[in-house]
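*Asks:* My questions all concern the structure below.
Number of protein chains: 4
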Amino acid sequence: MSSFADVGLLDPLGFLAGDDLDLVSDSAYLAAMVTVEAALLGAFEDSGVGVPGGAAAVENLVDALDIRAIGAASAAGGNAVIPLLAALRPLLPVPVAGLLHTGATSQDVVDSAAMVVAAAVRVRMLASLADARRALAALADAERHTPTVGRTLGQHAAPTTFGLRMAILLDGIGRAADALAAVDLPAQFGGSVGTLAVLVDRFGVDRALAVRGAFAARLGLTDRDAPWHVERTPILTVGAALATVIATTGRLGSEVTALAGTDFAEVVLESAPGEGGSSAMPQKRNPVPAVLLVGAARRAPGLLGTLVGAALGAGERAAGDWHAEWQPLRELLRLGLGSAAAAARVAADIRPDAARMARNLEATGGAVHAERAQAALVPIVGRTEAARLVRSAVAMPGPAVPGAFETALIAALGDNPVAAAAVRVACAVGGPIGLSDTFIDSVIARNDL
Amino acid sequence: MSSFADVGLLDPLGFLAGDDLDLVSDSAYLAAMVTVEAALLGAFEDSGVGVPGGAAAVENLVDALDIRAIGAASAAGGNAVIPLLAALRPLLPVPVAGLLHTGATSQDVVDSAAMVVAAAVRVRMLASLADARRALAALADAERHTPTVGRTLGQHAAPTTFGLRMAILLDGIGRAADALAAVDLPAQFGGSVGTLAVLVDRFGVDRALAVRGAFAARLGLTDRDAPWHVERTPILTVGAALATVIATTGRLGSEVTALAGTDFAEVVLESAPGEGGSSAMPQKRNPVPAVLLVGAARRAPGLLGTLVGAALGAGERAAGDWHAEWQPLRELLRLGLGSAAAAARVAADIRPDAARMARNLEATGGAVHAERAQAALVPIVGRTEAARLVRSAVAMPGPAVPGAFETALIAALGDNPVAAAAVRVACAVGGPIGLSDTFIDSVIARNDL
Amino acid sequence: MSSFADVGLLDPLGFLAGDDLDLVSDSAYLAAMVTVEAALLGAFEDSGVGVPGGAAAVENLVDALDIRAIGAASAAGGNAVIPLLAALRPLLPVPVAGLLHTGATSQDVVDSAAMVVAAAVRVRMLASLADARRALAALADAERHTPTVGRTLGQHAAPTTFGLRMAILLDGIGRAADALAAVDLPAQFGGSVGTLAVLVDRFGVDRALAVRGAFAARLGLTDRDAPWHVERTPILTVGAALATVIATTGRLGSEVTALAGTDFAEVVLESAPGEGGSSAMPQKRNPVPAVLLVGAARRAPGLLGTLVGAALGAGERAAGDWHAEWQPLRELLRLGLGSAAAAARVAADIRPDAARMARNLEATGGAVHAERAQAALVPIVGRTEAARLVRSAVAMPGPAVPGAFETALIAALGDNPVAAAAVRVACAVGGPIGLSDTFIDSVIARNDL
Amino acid sequence: MSSFADVGLLDPLGFLAGDDLDLVSDSAYLAAMVTVEAALLGAFEDSGVGVPGGAAAVENLVDALDIRAIGAASAAGGNAVIPLLAALRPLLPVPVAGLLHTGATSQDVVDSAAMVVAAAVRVRMLASLADARRALAALADAERHTPTVGRTLGQHAAPTTFGLRMAILLDGIGRAADALAAVDLPAQFGGSVGTLAVLVDRFGVDRALAVRGAFAARLGLTDRDAPWHVERTPILTVGAALATVIATTGRLGSEVTALAGTDFAEVVLESAPGEGGSSAMPQKRNPVPAVLLVGAARRAPGLLGTLVGAALGAGERAAGDWHAEWQPLRELLRLGLGSAAAAARVAADIRPDAARMARNLEATGGAVHAERAQAALVPIVGRTEAARLVRSAVAMPGPAVPGAFETALIAALGDNPVAAAAVRVACAVGGPIGLSDTFIDSVIARNDL
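Line order of the protein sequences matches chains A, B, C and D.
Its first residue numbered 116, the first sequence is counted upward by one per residue in our numbering.
Its first residue numbered 116, the second sequence is counted upward by one per residue in our numbering.
Its first residue numbered 116, the third sequence is counted upward by one per residue in our numbering.
Its first residue numbered 116, the fourth sequence is counted upward by one per residue in our numbering.
As C-alpha cells, this is what we get:
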C-alpha cells in the first residue's frame, strides 16, 4: 500500500496555523465524511424513522478506520465514500448498517463533508483575521501622521502616511474577511441524481423534507432548498472568498516584504528567535511570514481558476469536473488557514521605522512634493507657468539634498512671497495629508470588531 | 500608426449581444474616461468650485477624439489618460482646461471608467439573464413531470425529470445573476497616492468630501469611503461575479450541447434560418449558441485568475499588476455580455423531445430503476437479499428490451406479491420523482422576476 | 506538532500509480534533499577536497530524520533546508559536518532535490506511457477499418474509423511523452546569490568547476553552465511538459468516458472486479480511471499557470515566487504519475463494440454520408444541384431508418446511373476512409517503441 | 451591425511593436484565412488538379471583404469560415468557386490560419529578441566586474556583479527565444472528421497526399503526417513557448522596474522625450516599457492555462474547447510581439549607475560580506568560532558606516593576522566574483547571434 504523504514539507506557511492545520488534513476530511453519515442517521432519529443510537454508533467508529486502506481503495470507485461504507458496515449493528447512507449518494457525503471542513476552517480563519485587523487598525491609528513616501510604479510619487498605508491594507483584509463570513455553506443532499427519490419512496415527501432539514441542522450547514450536485456556485463562492482573503493577506505580505527590504528598511518584522535566518548568510533577517504570504497568494489564482473551470459538467454528476474540485478546494482552505494566521503574525510584528521613512522621503531632495507644489502654484501663476517652474526645479543638477527642490523652486519664483508661502506649505511634512485622517477613521470604524 | 483591431472575428459569441457588444468597445472605454473627467468637473460645479459648463464642454468632445492616436500615445505613459488629457486640453476653454483632472491621477480615471463600463454592461446582462431565467422557469414548470434519464459520469443512473434538470440550471444562473446584481461598483478617487492631498489643499476637507460624493453620484457609482488604488477587492468581486455568470451559463451550454447531440437527441435547439450550418456537412445542425457558451466558460478561469494574481502589488500603485487587469476585465465583461445574451437565446430555443427521452430512459432495459427497486426491496427481503436479487436482474443476458429488468427481477422474486408490487412501483415512470416538484417550485419561486 | 497529512484521500488517481506514488511523497523530497547534500560532499571527494566517507555518512542518516519536526521548523526560515542541516550536523563526524553544505544555499538544495524527484518520476511516467502507447497502437492497428461515426460539436458528422480515432489519441500522448523525455533537468548550484563565491574562495575556480560537474553527475542531472536561481525556464519547461502529458491523457479519459457512456456505448472499459461500482446504483459501471484522467487534466492549467506566474521574481532569489513553485510542481508530478499509470490502464482496457458503432453510424438514416455524397455529385451534376439534391434527401421526413438517405438521394437523382453509382460508393461503409490508413501507419511508426 | 473594436487602448504594450502589431489584427487573421483557401487551390494547381489562376483569384479578394459583416455572420455557424466562403464564392469564376474549400472543413482553415499568423509573428519576435539578446550580452560583458549587491527575499545577501545579473536575465530570454524558434508550426488539413475522405474520393490517395504537401509548403508550415483537429499539442506547444518568452521578458521588466525604483536607483531607463511622464507628478520618470513587460507577464499564466484546459475535447471536433483557443492564442501572440519589442527597448535603454550600486553595497556597513568572511574563517578558526565571531560583528551597534563590519570582525579576531588577511580578502570588492566570469562567458557564448 502506498505510503505517500504530504505532511507540509513543501508548504511551510501551513505550520504558522499551528494545530489548526489539522483541520484540513485527510483525517479531518475522513472524520467529516463519517460525521455526515452519522448526521443522516441522526436526522432519521430526529424525524422518528431512525435507529436509536445509530448516529452515535457511526461517530464512534472514526478512530477505527484505516485511512490508508480507504484511500487506496478509493481508486476503484473514484471516491472515498464507497470504501468508507464498506469499512463501516461490518462494524455496525445490523439495523444501523441497513439504514446507513439510505437515500444518499457518494456526492452527498463528499460535498457535505467539504462544507463541514470549510465551516470549521472559516471559524479559525476569521479569528486570525480579526487579530490581524485589530493589529492593523492599531497601527493605522498610531501611525496616522507618520509621513512616508508614497510610491507608484516603484517611483517616489508624493507623501502619504504610514497609517493610511496600513488602513488601505486593513480595508482589503477586512472586506475579504467580511465576505468570507457571509458565504453560504449548504449541506448537499439529493441522492443519486438529485431527486431524493429513494428517500421519498421510503418515508414520503414530508418526512423526507424533515430529514433533509435535520441533516443540515446537525451539520451546522444551510438547508438549501435544492440540491447542488451540478449547480456548483457554492464551491465557486467559497473558493472566490478564500482566494480574496489570500490575495489581500498576500498583499500585506508583498508590502511588508518590500518595506522590510534592505533598500527600503521602513519596517522591521519582529521575529521569534531563530526565525528569518538563512542557511548561508548570517546577517540576514528574512521577513519569512510575509514572504510566505506572497507565495500563498501566487497560488490562489490557479486554484480558484480550477474551481471555475470545473463548474461546466453536464448531466447529474460531472465526470472528472467534480473530482477536480476536491484537492484545489482543500489547498485553498489550507492556504487560507495559513494566510490568516500569518497575517495575524505579520500585522502584530510590524515595527515601523519613522526615522528611516523620513530619510527616504527626502531621497529626491524634495521633488516628491512637486505635484502639490505645482498644484498650489496654479491658482497663483497659472497652469503653464506653474508647470514650467516646477519642471525647472525638478531638473536642478547635483545630488539630492534635503530641501533642494523647495529651495530651487522658491528661487525660481523670484520675488513672489505669496507663491513662496504656498510652496512652503506644499512641501511641509507632518500631520494628516489630504483626507488621510478621514480615510483612516472610516476604515477603522468598519473594522471595529 | 498601427491599424490593429480586434473586431470580434475570433469571438463570435459577442455578436449574439447585438449592439450591446459596443458597450465593451475601446470607444466605450474612451467615452467612459471622458465621462469620468466630465463628472469631476461637474462635481466641482455641484460643490460650488467649478467652471459653469465645464462638464458639458468635456462631454461634447468625445466625438472629436482620435482614439487611434490616443492609443498609440498611451505606450509612452503606460495608460491612455495622459494622451487623453493632452488631446482634451487644447480643445477646452482655458478655465476648464485649468480645472480638468484637478486632484485626480490616471488611475482614478482608468478605474472609474472601468466601473462605468461595468455598470452599463451589468444592466444589459441582467436583462438578458432575466429573459433566460423566465424561459428556464417556464420549461422547468412545463416539463416538471417529463421523465428523463439522469446521468452520472456519463452512465444512465436513475430517472429524473426534464423539468428538474432545467430547474437546477436555472438555480445556478439565478444565483449568479443575483450575486452580480449585488456587486458594489465604486468610483475611484484618491489622487496620486490615495490621499487626495491636492484636492484638499485646493478646496479644504469638507469641500473635497463633497466633490468626491458628487463625482460618484454623477457616475452612478458607489461613493466609497476610501480609495482602492491598491485595494483591489472591487476588481476581484466584479470579476468573480462575472466568471460565475459565465460558468453557470456555460453549464447551460454544456448541457444543451450534450442533450442536442445526435446520440442523445433529447433536445433540439430551435435555430434561425442558416444557423448551425457547417462548411462541409449539409445535414448538421450545430447548437452554435450553446457551443459558444461553453467556449466562453473555458476562458473565464484564466481571466479571473489573472485578476486575482494582479492584486498583490505593493506601494501606492502597482507596477504592471494594475496594467494586467484592464484587458482581462474587459474580456470578462465581453464574455459576460455575450453569455447572457446567448443564454437567453438558448433558453428560449430549447425544444425538449419527450418521446426520445422516454426511449433513452429504456436504453438499459429498465436497469436504470435498479437503485429504487433495490431500496424498495430492502424493508421486505433485507439488505443483502435485495442486493443479490437486483444484481441478478441487472446481469440478465441479452439485448436491453424495455421492461426487461422489471420482468427479470419479479421473476427472481419467486412468489412474493408484496415485493413484486413494490418493484412495479419503483420501476413506474411519470409524475414527480422524489422531491422534484418541491425543488422545482422552490427554484421557480426564487426566480420569479 | 501538527499531524496534518494529505495521504491521497482527495486524489484517488494517484493510487493507480501504486508504489510509484511514493516518489512524490514528502519523504521522497526529504530523501532527495539529503541526497543533494550527500552529492555535494561526494563531489568534494571526487575532486580531492572532500572528507572520505562524507557522502555515505549523510546518505545513511535519511531514516534517522524526523520529517514532521523538520517540516514544523521550516516555517521559521521559509524552507526545509535550514532545519534539515540543523538535524544532520550533530549526527555527523565533525569534519563532515564542517564541510556539509559548503558553498551551497538553501535554494541549491531545494531546486536540485525537485529535479531529482522529477527525474525519478519521469522514468516511471515514461514506462507507463510506453505501455499506453503500445496498447493504443495495437488498437489503432486492429481497428483501423472498424467504421464508426465521427462527431463534431457532438453531432454526427461523417464516418471515420475507430482505429484512426485511437491513432489520433496515440499521436498526442506520444508527442507529449517524447517532449517530456527531452526535457533538460539541471542541477542547481550557485550559492547564496548565484556566484559560487564561497566555493571559489575555498577551492579556486578550476576545482569549483570540477565540484559542480561532479555534483550534477552524482545526481544524474545536467551540469548547467550557469545557475538558474531566478532563471526559471527549467521549472516552466518541465511543468509544461507534464501538463501536456496530463492534457493528452486527459483527452484519452474524456474520449473514453464519452464513448463508454450509456448513450454511446461504443466502448466498454474492462474493469477489475469491484471497480466502477456506485455507492447507490447497482447497475452502474463507471469508467473510473477514465473519469479520473479528466479530473487530473482539469487541474493542470491552474498548476502550470502558477509556475508561469512565479517566474517573474526580481533580485537573486524571489520572495514568495520561488516558494509558490514547490507544491504546484509536486502536484503536477503527482498527477503526471497517476495520469500515465491510468492511461496505461485505460488503453489496455478499452474493448471496442464494433456492432454498436455500426448501429450508431446509422442513427441518422445515412445522412452522416451527406458530405461525401454531395462531393461525389459535384463533378457530375454541378455544385448547386448537388447541394440541392442532398438537402432534399437530408430533409426527408419520418424516422431515421438505415439507408434512408441513400435511397432518398438516389430517388431524387431520377434516371442518372452514373450519379447513383457515385452515391452508392459515397455511402458505402468498410475499409479505410480517405487517408485513414496512411495516418494510422504514420502515427504507429512514430510510436514504435 | 456592431461597431465593437479593441484597438489597443487597454493594452499599451502592443504599440511598442509598432506596425508589427498589425500582424495579430483581425484583418491579419482574415487575410490568413484567405491565404489558406488560396493555398489549397494552389495546391490543387501544383498537383495538376486545380484551376489555373485559382489561388491568385482568391488572394486578390482580400481587400474586397467586409470584415465586420463576416464577423457578425460568424455567430450563426460559430466561426468565420462559413461567411467567408459565402462572401468569396460569388466573386470568383465558377470553376474556382466550385473547387474552393474542396476537401476542407472550417477547422482546417481556422487552425492553419492561426499557424500562418503565428509564423509571421514569430519572425518578428525573434528579431526583437535577438536585439534584446545582443544588448544584454553587451551589458553583461561591459559590466562583468561592476560590483552590486545581490538580494534574496529583498534583503541584501552578498555581492554579485551587474554583468552576471544581466547574463542570467539574458540566459532566460535566450533559452525562451531558442525554444520558440524550435516550435513546430504545422498546417492543419483533415477534412470534416480528420480522414480527408472527400479529397481522396475526388483525387485518390497519392494525389491527396501531394495536395496536402503542397498546401503546407505554400503556407510555409510543416506538412504533418496526421491531422491535429483534436490533438492539440501544436497549440499547447506554441502557447507554452510564447508564455515562456513573455515570462522571461517579464522578469527583465520586473528586475528593471525594481532597479530603476527610487529606492534602488541602480539603473536608469533611458527614455524617449515625453515618455515615462505622469498625469499628476512632474518629477516622475516611470520605467514604462519595463512596467508593461510585467503587466504582460501577469496575463500569460491565465492565457496559457486556457489553452491547456481546452485540449480535452472528445470526438472529432471539440464543442467549445476549440472555440476557446482562438482569442487566448491571439492574446499570447499579441503580448509576445509587444514583449519582445519592449524587451529590445528596455535592454537597449538600461543605463547602469555603478556609483549608486557601490553605495548600496555598503548599506549594511559591509555585513553583506558576512557569508564569505565566515566561510574564509572556518578553515582557520573552525566552524563554531567563525560563526560566533561573525555574529558578533554583524550585531555591532550603531548606524551602518562603510567598512564597519570588516573593522568589527578584525577587531574581534584579536591578534590573528592570517585570519585578518582572509577577512580583508573576503570583504574586498571588484573583479570577478566566484565563477561570475565563467557564467557570463558561457551565457554570452550561447547567445552569440
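Every residue gets a Cβ at the ideal spot worked out from N, C-alpha and C, and that includes glycine.
Please read these numbers as outputs of a predicted model, since none were measured by experiment.
Whose C-alpha, out of Ile-361/C, Ala-387/C, Ala-252/C, Arg-327/C, is nearest the C-alpha of Ala-191/A?
*Replies:* Translated into the one-based positions of the first sequence, residue 191/A becomes position 76. Checked all of Ile-361/C, Ala-387/C, Ala-252/C, Arg-327/C; the closest Cα to Ala-191/A is Ala-387/C.
*Asks:* Pop quiz: Arg-327/B and Ala-439/D are said to be a contact at Cβ under 8 Å. What is the actual Cβ separation, rounded to whole angstroms?
*Replies:* Working through the second sequence from its first residue, we reach residue 327/B at position 212. Working through the fourth sequence from its first residue, we reach residue 439/D at position 324. That belief does not hold up - the Cβ atoms of Arg-327/B and Ala-439/D are roughly 41 Å apart, past 8 Å.
*Asks:* In the region 308-365 of chain B, which residue ranges form an unbroken alpha helix (DSSP H) of at least 4 residues, counting only runs that do not cross its ends?
*Replies:* 312-334
*Asks:* Counting only runs of 4+ residues fully inside the region 205-255 of chain B, write out the alpha helix (DSSP H) ranges in chain order.
*Replies:* Counting only runs of 4 or more, we get 209-214.
*Asks:* Excluding sequence positions up to five away, which residues of its chain have a Cβ less than 8 Å from the Cβ of Asp-468/B?
*Replies:* In the second sequence, the residue the question calls residue 468/B occupies position 353. Closer than 8 Å at the Cβ level, and outside the excluded window around Asp-468/B, lie Ala-380, Glu-381, Val-382, Val-383.
*Asks:* If you measure between the beta carbons of Gly-305/D and Gly-218/D, is that distance less than 7 Å?
*Replies:* One-based indexing of the fourth sequence puts residue 305/D at position 190. One-based indexing of the fourth sequence puts residue 218/D at position 103. For Gly-305/D and Gly-218/D, no; Cβs fall outside 7 Å.
*Asks:* By DSSP, does Asp-556/C sit in helix, in strand, or in coil?
*Replies:* Mapped onto the third sequence, residue 556/C falls at position 441. It is helical.
*Asks:* Looking at chain D, is there any beta carbon in it that lies within less than 7 Å of the beta carbon of Glu-431/C?
*Replies:* Here residue 431/C corresponds to residue number 316 of the third sequence, with the count starting at 1. It does: the Cβ of Glu-431/C has a partner Cβ on chain D nearer than 7 Å.
*Asks:* Are the CB atoms of Gly-420/B and Pro-416/A within a distance shorter than 7 Å?
*Replies:* For the purposes of this step, residue 416/A is identified with residue 301 of the first sequence, where counting begins at 1. For the purposes of this step, residue 420/B is identified with residue 305 of the second sequence, where counting begins at 1. Closer than 7 Å, so yes.
*Asks:* Using 8 Å as the cut-off, can you tell me whether the region 272-291 of chain A makes contact with the region 456-474 of chain A, which would need three or more C-beta pairs spanning the two stretches below that distance?
*Replies:* Between the region 272-291 of chain A and the region 456-474 of chain A, the count of C-beta pairs closer than 8 Å reaches three or more; the two stretches touch.
*Asks:* Is Pro-349/D close to chain B, meaning its C-beta is less than 7 Å from at least one C-beta of that chain?
*Replies:* Counting from 1 along the fourth sequence, the entry for residue 349/D is found at position 234. Chain B contact via Cβ: absent.
*Asks:* For chain D, find out if any of its Cβ atoms is closer than 7 Å to the Cβ of Val-313/C; answer yes or no.
*Replies:* Your numbering for residue 313/C matches position 198 in the third sequence. Chain D contact via Cβ: present.
*Asks:* Could you give the residue range of the beta strand (DSSP E) that holds Gln-575/D?
*Replies:* Beyond the ends of chain D as shown, which are 116 and 564, falls residue 575/D; an answer cannot be given.
*Asks:* Identify, in the order they occur along the chain, each residue of the same chain with its Cβ nearer than 7 Å to the Cβ of Asp-137/A, setting aside the five sequence neighbours on each side.
*Replies:* By 1-based counting over the first sequence, the position of residue 137/A is 22. If we look at Asp-137/A and ignore the five residues flanking it on each side, its Cβ neighbours are Ala-143.
*Asks:* At a Cβ threshold of 7 Å, is Pro-127/C touching chain A?
*Replies:* Start at 1 with the first residue of the third sequence, and residue 127/C comes out as number 12. Chain A, which has a Cβ nearer than 7 Å to the Cβ of Pro-127/C, makes this yes.
*Asks:* Using the beta-carbon count (16 or more within 10 Å), is Leu-564/B buried or exposed?
*Replies:* Taking the first residue of the second sequence as 1, we reach residue 564/B at position 449. So Leu-564/B ends up on the exposed side.
*Asks:* In chain A, which residues lie less than 7 Å from Met-396/D when you measure between Cβ atoms?
*Replies:* As a first step, residue 396/D is located in the fourth sequence; it is residue number 281 there, counting from the start. Chain A residues near Met-396/D: Ala-272, Ala-273, Ala-485, Glu-486.
*Asks:* Mind checking if Glu-390/D is an interface residue toward chain B, Cβ cutoff 7 Å exclusive?
*Replies:* Taking the fourth sequence and counting its residues from 1, the one referred to as residue 390/D is at position 275. So yes, Glu-390/D belongs to the interface.
*Asks:* Whose CA, out of Ala-234/C, Pro-342/C, Leu-492/C, Ala-535/C, lies closest to the CA of Arg-445/C?
*Replies:* Numbered from 1 along the third sequence, position 330 holds the residue referred to as residue 445/C. Looking at the Cα atoms, Ala-234/C is the closest of the given residues.
*Asks:* Chain A partners of Phe-379/D, CB-CB under 7 Å?
*Replies:* In the fourth sequence, the residue the question calls residue 379/D occupies position 264. Within chain A, the residues near Phe-379/D are Asp-378.
*Asks:* Determine the closest residue to His-260/A out of Ala-412/B, Arg-249/B, Thr-310/B, with distance taken between C-alpha atoms.
*Replies:* Taking the first residue of the first sequence as position 1, residue 260/A is located at position 145. The option with the nearest alpha carbon to His-260/A is Thr-310/B.
*Asks:* When the Cβ atoms of the region 441-457 of chain D are set against those of the region 242-251 of chain D, are three or more pairs found closer than 8 Å?
*Replies:* Taking a contact to require three or more Cβ pairs closer than 8 Å, the region 441-457 of chain D and the region 242-251 of chain D qualify as touching.
*Asks:* Run through DSSP, which three-state label would Pro-402/B get?
*Replies:* Here residue 402/B is taken as the residue at index 287 of the second sequence, counted from 1. It is coil, neither helix nor strand.
*Asks:* Taking C-alpha atoms, which residue in Glu-385/B, Val-423/B, Leu-408/B, Gly-319/B lies nearest to Ile-361/A?
*Replies:* As a working note, residue 361/A is residue 246 in the first sequence. For Ile-361/A, the nearest C-alpha among the options comes from Val-423/B.
*Asks:* Is DSSP giving Pro-547/D helix, strand or coil here?
*Replies:* Here residue 547/D is taken as the residue at index 432 of the fourth sequence, counted from 1. Reduced to three states, the DSSP call for Pro-547/D is coil.
*Asks:* Mind pulling the chain B residues with CB within less than 7 Å of Pro-205/A?
*Replies:* One-based indexing of the first sequence puts residue 205/A at position 90. Near Pro-205/A there are no residues of chain B at all, since even the closest Cβ is about 12 Å away, more than 7 Å.
*Asks:* Say the cut is 6 Å; is the CB of Leu-131/D nearer than that to a heavy atom of the ligand SAM?
*Replies:* With respect to the ligand SAM, the structure shown offers nothing to examine, as it has no ligands at all.
*Asks:* I'd like the span of the alpha helix (DSSP H) that includes Leu-448/C, first residue to last.
*Replies:* Position 333 of the third sequence, counted from the first residue, corresponds to residue 448/C. Counting along the chain, the alpha helix (DSSP H) containing Leu-448/C begins and ends at 436-464.
*Asks:* Alpha carbon to alpha carbon, how far is Glu-486/B from Ala-527/B?
*Replies:* Along the second sequence, one-based indexing puts residue 486/B at 371. Along the second sequence, one-based indexing puts residue 527/B at 412. So the two alpha carbons sit approximately 16 Å from each other.
*Asks:* When DSSP labels each residue in this structure, what does Val-496/B get in the three-state scheme?
*Replies:* Taking the second sequence and counting its residues from 1, the one referred to as residue 496/B is at position 381. Correct three-state label for Val-496/B: helix.
*Asks:* Mark Glu-385/D as exposed unless 16 or more other C-beta atoms lie within 10 angstroms of its C-beta, in which case mark it buried.
*Replies:* Within the fourth sequence, numbered from 1, the residue matching residue 385/D stands at position 270. Exposed is the call here.
*Asks:* Please report whether the beta-carbon of Ile-283/A lies at a distance below 7 Å from any beta-carbon of chain B.
*Replies:* Counting from 1 along the first sequence, the entry for residue 283/A is found at position 168. Closer than 7 Å to some Cβ of chain B, the Cβ of Ile-283/A qualifies, so yes.
*Asks:* For Val-236/D, which option in Cys-542/D, Gly-129/D, Met-116/D, Gly-376/D has the closest C-alpha, if you only look at C-alpha atoms?
*Replies:* For the purposes of this step, residue 236/D is taken as residue 121 along the fourth sequence, with counting starting at 1. Restricting attention to Cys-542/D, Gly-129/D, Met-116/D, Gly-376/D, the CA atom closest to the CA of Val-236/D is found in Gly-129/D.
*Asks:* Name the DSSP bridge partner or partners of Asp-121/B?
*Replies:* Taking the second sequence and counting its residues from 1, one reaches residue 121/B at position 6. Bridge partners of Asp-121/B: Asp-121/D.
*Asks:* Considering Arg-266/D, what are the terminal residues of the beta strand (DSSP E) in which it resides?
*Replies:* Start at 1 with the first residue of the fourth sequence, and residue 266/D comes out as number 151. It spans 262-267 - the beta strand (DSSP E) in which Arg-266/D sits, taken as one unbroken run.
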